[in-house]
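Peer 1: Let me give you the structure first, and then I'll get to my questions.
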Amino acid sequence: MTERYKEYDFHRKNLGSTLSMDAPMAHWLLRFALSATFLFHGANKATQIPTAAETFGLSTGTMTMVASVEFAVPAFLALGGLTSSQLGDVLTRLAGLLAIVILVGAISVVHWGQWSFTPSETHPYGGMEFQVTLIAIALFFVFRGNSA
Numbered sequence: 001m002t003e004r005y006k007e008y009d010f011h012r013k014n015l016g017s018t019l020s021m022d023a024p025m026a027h028w029l030l031r032f033a034l035s036a037t038f039l040f041h042g043a044n045k046a047t048q049i050p051t052a053a054e055t056f057g058l059s060t061g062t063m064t065m066v067a068s069v070e071f072a073v074p075a076f077l078a079l080g081g082l083t084s085s086q087l088g089d090v091l092t093r094l095a096g097l098l099a100i101v102i103l104v105g106a107i108s109v110v111h112w113g114q115w116s117f118t119p120s121e122t123h124p125y126g127g128m129e130f131q132v133t134l135i136a137i138a139l140f141f142v143f144r145g146n147s148a
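For reference, each letter of the sequence shown is one residue, going 1 to 148 in the working numbering.
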């Protein structure tokens with residue numbers, strides 16, 4: 001091997017350790033993505049609960065609970081990630097579980113019957129592709145908690 005390529009060879013051998021150096025903080029990327037999504041949807045519902053309830057065919061009480069949980073999930077993910085005790089682990093797992101409940105509800109009420117997230121005539125809010133992806137992220141937190 002020529003001198004010029006020894007540098008690249010060195011990097012290739014150490015690629016695994018180089019990529020895993022920041023891995024202990026990688027869970028924050030998933031926490032942020034799930035939290036941002038839930039905050040956005042929760043804020044939209046919370047500002048117009050009667051309208052949202054009517055749109056989705058739910059009672060205002062149910063829609064209030066949905067919006068509340070959509071605010072609780074990001075709070076639990078943030079507090080869980082910042083707390084190194086067993087309480088933090090429980091909050092992280094609970095956030096994942098609550099997210100799954102909301103997402104399964106969203107799929108069953110709005111998105112069932114179409115896979116693609118692209119809106120269509122029969123599914124103006126799109127299919128369940130995005131919700132299934134979010135369920136996978138939430139399952140990560142249910143199974144791993146703060147040991148990610």
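We put the beta carbon where it would ideally sit given N, CA and C, even for glycine. Keep in mind it's a predicted model, so treat the numbers as computed, not measured.
Alpha carbon to alpha carbon, what distance is there between Phe141 and Leu98?
Peer 2: Leu98 and Phe141: Cα-Cα distance of roughly 11 Å.
Peer 1: May I have a chain-ordered list of the alpha helix (DSSP H) segments no shorter than 4 residues that lie completely inside the region 43-81?
Peer 2: Here the runs fully enclosed are 49-56.
Peer 1: If I measure Cβ to Cβ from Thr118 and keep anything under 7 Å in the same chain, skipping five residues before and after, which residues do I get?
Peer 2: Gly126, listed in sequence order.
Peer 1: Out of curiosity, what's the CA-to-CA distance linking Leu58 and Val73?
Peer 2: The straight-line gap from Cα to Cα measures roughly 21 Å.
Peer 1: Measure the CB-CB distance between Arg31 and Gly81 and report whether it falls below 8 Å.
Peer 2: Yes, the Cβ-Cβ distance between Arg31 and Gly81 is below 8 Å.
Peer 1: With DSSP as the reference, label Pro124 as helix, strand or coil.
Peer 2: Coil, per DSSP.
Peer 1: Would you identify the three-state DSSP class for Gln114, choosing helix, strand or coil?
Peer 2: Here Gln114 sits in coil by DSSP.
Peer 1: What does the alpha-carbon distance come out to for the pair Leu79 and Gly88?
Peer 2: Cα to Cα, the separation comes out at about 7 Å.
Peer 1: For my contact list, Thr62 and Ala52 are in at a C-beta cut-off of 8 Å; report their separation, rounded to the angstrom.
Peer 2: 10 Å between Cβ atoms; not a contact.
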